[in-house]
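Visitor: Heads up: the sequence shown begins at 1 in the working numbering, then just goes up one per residue. Where is the CB? At the ideal position from N, CA and C, for every residue including glycine. Mind looking over this structure? Questions follow.
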Amino acid sequence: MSRCGDGGIGGTKPYAASGNYISRMSNYCSHCRFDPKKATGDDACPITTLYEDFLSRNRTRLKSNTRMGFQFKNLDRRDDGERRDIRQAAAKLKTEFTRKTYL
Ligand code: SF4
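And the structure:
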């Protein structure tokens with residue numbers, strides 16, 4: 001996500017990924033209690049939740065980036081209720097993370 005902040009100088013797309021991508025590229029997820037394919041629910045991967053929320057919040061800014069087409073196509077499979085649930089889950093995660101990190 002830091003690469004996204006420079007307007008494309010350091011990278012042609014945001015340097016961010018879902019848990020599903022991490023799962024495909026590593027073995028980190030093999031013993032994790034979370035499901036890297038899920039963005040909501042008790043076993044949702046927090047990385048996937050935050051990534052999909054990031055995409056939703058930055059759609060206007062990123063939609064013209066052709067390298068992001070696949071990611072937005074996947075996001076568009078979500079209905080409005082799922083998008084709302086992802087937004088709420090991401091907000092909860094960010095609140096919990098902030099408390100654990102700074103308190
Ligand atoms: S939190 Fe998500 S990305 Fe991290 S190991 Fe677990 S399933 Fe994989």
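Using a threshold of 7 Å, state whether the C-beta atoms of I86 and D53 are closer than that.
Guide: Contact: yes.
Visitor: Could you name the residues whose beta carbon sits closer than 7 Å to any heavy atom belonging to the ligand SF4, keeping them in chain order?
Guide: In chain order, the hits are G19, I22, S23, Y28, C29, C32, F34, D35, P36, C45, P46, I47, T48.
Visitor: Short check: CB of A90 to CB of T40, under 7 Å?
Guide: No. Outside cutoff.
Visitor: Quick one: what does DSSP say T95 is sitting in, helix, strand or coil?
Guide: If DSSP states are grouped into helix, strand and coil, T95 belongs with the helices.
Visitor: Beta-carbon within less than 6 Å of G19's beta-carbon, same chain only, minus the 5 sequence neighbours each way: which residues are those?
Guide: Taken in chain order, the residues that qualify are P36, C45, I47, T48.
Visitor: Where do the N-terminal and C-terminal ends of the alpha helix (DSSP H) with K73 fall, by residue?
Guide: Segment 69 to 75, the alpha helix (DSSP H) holding K73.
Visitor: Just mark Y15 as buried or exposed, buried being the case when its beta carbon has 16 or more other beta carbons within 10 Å.
Guide: That one is exposed.
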